[in-house]
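As numbered in the UniProt record's numbering, the sequence shown has no gaps in its residue numbers, which increase by one up to the final residue, 402.
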Amino acid sequence: MPFEEIKKRAEFYKEDIYKFTRDLVRCPGGSGDESLAAKCTIDEMKKLGFNKIDIDPMGNILAYIGTGKHLIAMDGHLDVVGVGNLDNWNYDPYEGFEDEEKIIGRGTTDMKGAIASIVYAAKIIIDLDIQDDFTLLVSASVAEEDCDGLSWKYMIEEQNVRPEFVLLAEPSDGKICRAQKGRMEISVDTFGTSAHGSIPHTGDNAIYKMSGILTELRALNENLLVDDLLGKGCLTVSEIRSTAPSRCAVSDSCSISIDRRLTWGEKPEDALQEIRNLPAVKMADAKVSIYHYDEPSYTGLEYGQECSFKPWKMEEKHDVTQSVANAYKELFNKDAVIDIWPFSTNGVSIMGEHNIPVIGYGPGELKFAHAPNEEVKKADLILCAALYAAIPSVYVRMLEGK
């Protein structure tokens with residue numbers, strides 16, 4: 001394997017990678033609004049010589065190089081979160097400020113910089129004529145921020161895209177990530193009867209019904225299952241809303257949203273039942289349900305799912321994990337740290353639901369994702385471009401050597 005040549009080629013393309021990252025930052029768009037970023041990505045891919053570039057009905061980009069029998073995918077999502085309060089930014093979030101060490105802007109870390117690294121990794125493979133028996137699929141997916149895994153659910157279930165494994169290029173703090181918790185978005189609703197605020201005893205206050213539920217949810221969080229790798233399951237109440245005819249009336253409905261994180265061994269149906277079994281939930285005759293995502297993609301396609309996402313984990317000794325670790329060591333002459341992601345990714349569908357192996361390594365640090373003044377280090381982008389270029393051949397040669 002030409003590891004030194006791969007590193008040299010990544011360095012050769014550094015200015016192109018930086019520019020492409022900045023170009024993508026200048027294409028703002030959240031879930032359902034990725035068209036500008038998609039066009040920018042396709043234009044770059046066409047320039048670099050991909051064999052085949054497809055856009056599926058959802059708007060995901062699927063671009064290929066090589067014609068080997070081992071299909072390997074590398075994924076980055078095109079959508080970003082909003083910028084929040086602009087007063088918290090020291091730079092224009094959509095300009096892509098650049099200095100000697102970093103690029104700043106919304107999506108630099110999560111995860112437009114990663115898309116640039118993957119695309120140029122493919123170019124490095126083309127340039128060096130690395131012809132091991134693989135086909136590389138570069139996927140630039142949509143809607144991850146609002147509904148992680150939905151894009152890959154569509155690719156797998158509707159288009160039968162089934163790689164041997166998928167590398168997710170989410171920010172990983174310089175570590176290989178081999179697992180993550182699942183998650184659920186749960187709604188709890190209580191109902192009451194309104195009355196004039198001067199005679200509240202004649203009504204039935206839905207907020208008071210919810211108050212006991214909140215207390216019991218807080219206690220439930222302390223008693224959830226623990227996994228040796230992923231840690232404890234957890235929940236938090238993230239939203240609360242109520243209705244009343246006016247501010248001078250008893251509330252007739254109250255609703256909360258729960259962010260429930262599932263550790264290994266927890267099942268979505270059990271997590272729901274735990275809440276339904278709470279005494280305060282039963283006493284209030286509260287409704288417990290899962291939110292449903294049904295927003296159309298930027299192409300107009302309506303394809304949704306329940307907001308319930310399974311955990312996944314790869315064994316440390318699995319061929320995929322070891323291929324990434326071995327490629328890292330050969331390139332950089334040191335052992336990679338193998339860890340887990342604390343957040344959710346497209347892996348919930350790819351491996352959690354469909355059992356296709358997933359591994360993660362991406363440029364950037366988690367602390368910058370979704371934050372004002374989001375940044376990615378330039379060195380991370382170049383390191384990842386080299387690593388991604390090496391992984392397919394290391395994986396195929398490991399299989400052939402068995």
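C-beta atoms are modelled at their ideal positions from N, C-alpha and C, and glycine is treated no differently.
Residue state for residue 74 is assigned as strand, using DSSP reduced to three classes. When secondary structure is reduced to three states using DSSP, residue 312 falls in the strand class. Closest option to residue 73, judged by alpha-carbon separation, among 242, 368, 337 and 141: 141.
Runs of alpha helix (DSSP H) with 4 or more residues, each lying fully within the region 338-397, are found at 347-350, listed in chain order. Segment contact: the region 276-286 against the region 118-135, fewer than three CB-CB distances shorter than 8 Å; contact not assigned. If only complete runs of 4 or more residues are kept, the region 161-237 shows the alpha helix (DSSP H) at 206-221, in order along the chain.
Around the beta carbon of residue 69, fewer than 16 other beta carbons lie within 10 angstroms, which makes this residue exposed.
Here residue 152 has 346, 349 and 350 as same chain residues with Cβ atoms under 6 Å from its own Cβ, once five neighbours each way along the sequence are excluded. Residue pairing of residue 138 in beta bridges, as defined by DSSP: 63 and 74. The three-state reading of DSSP puts residue 38 in helix, counting H, G and I together.
Residue 167 counts as buried, since no fewer than 16 other beta carbons sit within 10 angstroms of its beta carbon. Under DSSP, residue 147 takes part in no beta bridge, so it has no partner.
113 is the residue among 113, 402 and 80 whose C-alpha sits nearest the C-alpha of residue 361. In the DSSP assignment, residue 288 forms a beta bridge with 188.
Around the beta carbon of residue 180, 16 or more other beta carbons lie within 10 angstroms, which makes this residue buried. One thing to note: residue 169 has its Cβ within 9 Å of the Cβ of residue 384. As the crow flies, the alpha-carbon of residue 228 is around 42 Å from that of residue 50. When only Cα atoms are considered, residue 192 and residue 21 end up about 52 Å apart.
Contact between residue 25 and residue 120 fails: their C-beta atoms lie close to 16 Å from each other, not under 8 Å. Scanning the region 241-288 for uninterrupted alpha helix (DSSP H) segments of 4 residues or longer gives 268-276 and 279-284, listed from N- to C-terminal end. Taken atom to atom, the span from the alpha-carbon of residue 81 to that of residue 377 is near 20 Å.
Residue 342 is classed as exposed because its beta carbon has fewer than 16 other beta carbons within 10 Å across all chains shown.
DSSP places residue 102 in the strand class (E or B) of the three-state scheme. Between residue 344 and residue 177, the alpha-carbon positions lie close to 12 Å from each other.
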